[in-house]
Amino acid sequence: MLIKTHNSGFIHPVSSEITSQGIYQQRRDMIRLMAGGAAGAALAGWAGREALAQGVARPGKLAALPGARSAVAGAVTMEKVTDYKDASTYNNFYEFGTDKADPAKNAGTLVTKPWTVVVDGLVKQPKTWAIEDLLKLSAQEERIYRMRCVEGWSMVIPWVGYSMAELIKKVEPLGNAKYVEFITQADPKTMPFVGSRVLDWPYVEALRLDEAMNPLTLLAFGMYGEVMPNQNGAPVRLVVPWKYGFKSGKSIVRIRFTDKEPRTAWNKAAANEYGFYSNVNPNVDHPRWSQATERRIGEDGLFAKKRKTLMFNGYEAQVGQLYAGMDLKKNF
Ligand code: MTE
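Following this line, the structure appears as structure tokens:
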């Protein structure tokens, strides 16, 4: 996320971030080429991918969390999966710092046990789940999603979790519930940047109820066949693949059903830049940069071209109907 300096006192604009990712990637590419040769690097990617498809490859860093391959339409892209190293060291998690490398360095202090998630608001069956019980609420599935960040980079990540709809059915929303708010952990003792003025804590995100019910909306407990690394939002986060990455709240502690559109963290910080919907849309530019193309982390070496960003991040067949008749330039 890029922060604008203006009178509200947010810290430094990081307009060089996209460029610096390019340089970072070039260095990584050079190291890889030197270590194994181009063919070696390609083979490692292919082998890793095949193994993953068979459900056996995992980084071996954290406890295993297997998931059956999802049968949900559109839930498994066949594109090359991003290296675990990149997916777990190039993160946005502002509770642990604003630099992409900060979450991997600092999130070791996050305490994920015990952890409970309160589900309340306009529902018939409000409930507080211990994370262990929430995990077992439905069968774990593996989904391989394209993820597109508002800053202009993307990754392909194998997540483990189940459809948010499974949880929603259990709590039985009332007829007047129209939105679902996701409130995340904000503990200044374990999250060093909570208390800084970067954002109004806790980090809050929200969806319309029908968006949250779409089978692609994932409540994720892990990635790459293992439990979620802290820096990616342990122990439970949301993943909404047709929206810019910031809609996917990390380390959720409360899910609240409401009748009014909730104010969300980035919308509060800069309403003209980050709207409620935040659907990936190459036709609607961010006020300060184009959204027409993206850089895929892992393939943006010296001569790599940018990719064209797809409408709804390529999930139009699955989610386009949610926005039928809406002016997406106004509802950005
Ligand atoms: N959730 C919390 N609690 N705090 C954050 O700062 N950053 C968001 C989102 N969820 C954020 C968050 C942004 S801007 C992005 S792009 C994604 O998390 C990044 O997820 P990743 O690190 O797994 O790629």
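As numbered in the numbering used here, residues 8 to 339 make up the sequence shown, in order. Cβ coordinates follow ideal geometry from the N, Cα and C atoms, glycine included. Owing to the predicted nature of the structure, the values given are computational and were not obtained by experimental measurement.
Can you give me the start and stop residues for the beta strand (DSSP E) that residue i sits inside?
| i | result |
| --- | --- |
| Trp296 | Segment: none, Trp296 is in no beta strand (DSSP E) and carries neither H nor E. |
| Met230 | 225-230 |
| Leu245 | 244-246 |
| Pro3 | Nothing in the structure corresponds to residue 3, since the chain is present only between 8 and 339. |
Just curious, the alpha helix (DSSP H) that residue i is in, first and last residue?
| i | result |
| --- | --- |
| Leu144 | Run containing Leu144: none; DSSP gives neither H nor E here. |
| Tyr91 | 91-96 |
| Trp273 | 272-276 |
| Met220 | 216-220 |
Which residues in the same chain as residue i place their Cβ atom closer than 7 Å to its Cβ, once the five residues preceding and following it in sequence are excluded?
| i | result |
| --- | --- |
| Gly327 | Phe319 |
| Met154 | Ser161, Met162, Ile164, Pro248, Gly252 |
| Tyr284 | Asn338, Phe339 |
| Ala82 | Arg150, Leu223 |
| Ala175 | A small correction: the amino acid at residue 175 is Ile; Ala does not occupy that position in the sequence shown. Ala219, Met220. |
| Ala108 | Thr96 |
| Ser145 | Tyr169, Glu173 |
Looking at residue i and the ligand MTE, is the gap between the Cβ and the nearest heavy atom below 7 Å?
| i | result |
| --- | --- |
| Phe253 | yes |
| Met8 | yes |
| Phe100 | yes |
| Met171 | no |
On the CB-based measure, 16 or more other CB atoms within 10 Å of its CB, does residue i come out buried or exposed?
| i | result |
| --- | --- |
| Lys131 | exposed |
| Lys92 | exposed |
| Glu218 | buried |
| Asp90 | buried |
| Ala71 | exposed |
| Glu179 | exposed |
| Val126 | buried |
Tell me which residues share the same chain as residue i and place their Cβ nearer than 8 Å to its Cβ, disregarding the 5 neighbours each side in the sequence.
| i | result |
| --- | --- |
| Tyr186 | Ala213, Leu214, Arg215, Leu216, Phe264, Thr265, Asp266, Lys267, Glu268, Pro269 |
| Pro121 | Ala137, Ile138 |
What does a CB cutoff of less than 6 Å around residue i pick up in its chain, not counting 5 residues either side in sequence?
| i | result |
| --- | --- |
| Leu50 | Because Leu50 carries a pLDDT of 46, less than 50, the predicted location of this residue cannot be relied on, and no value is offered for it. |
| Met333 | none |
| Ile38 | Any reading at Ile38 must be qualified, since the residue scores a pLDDT of 44, below 50, and its modelled position is unreliable; no value is offered. |
| Gln192 | Ser258, Val260 |
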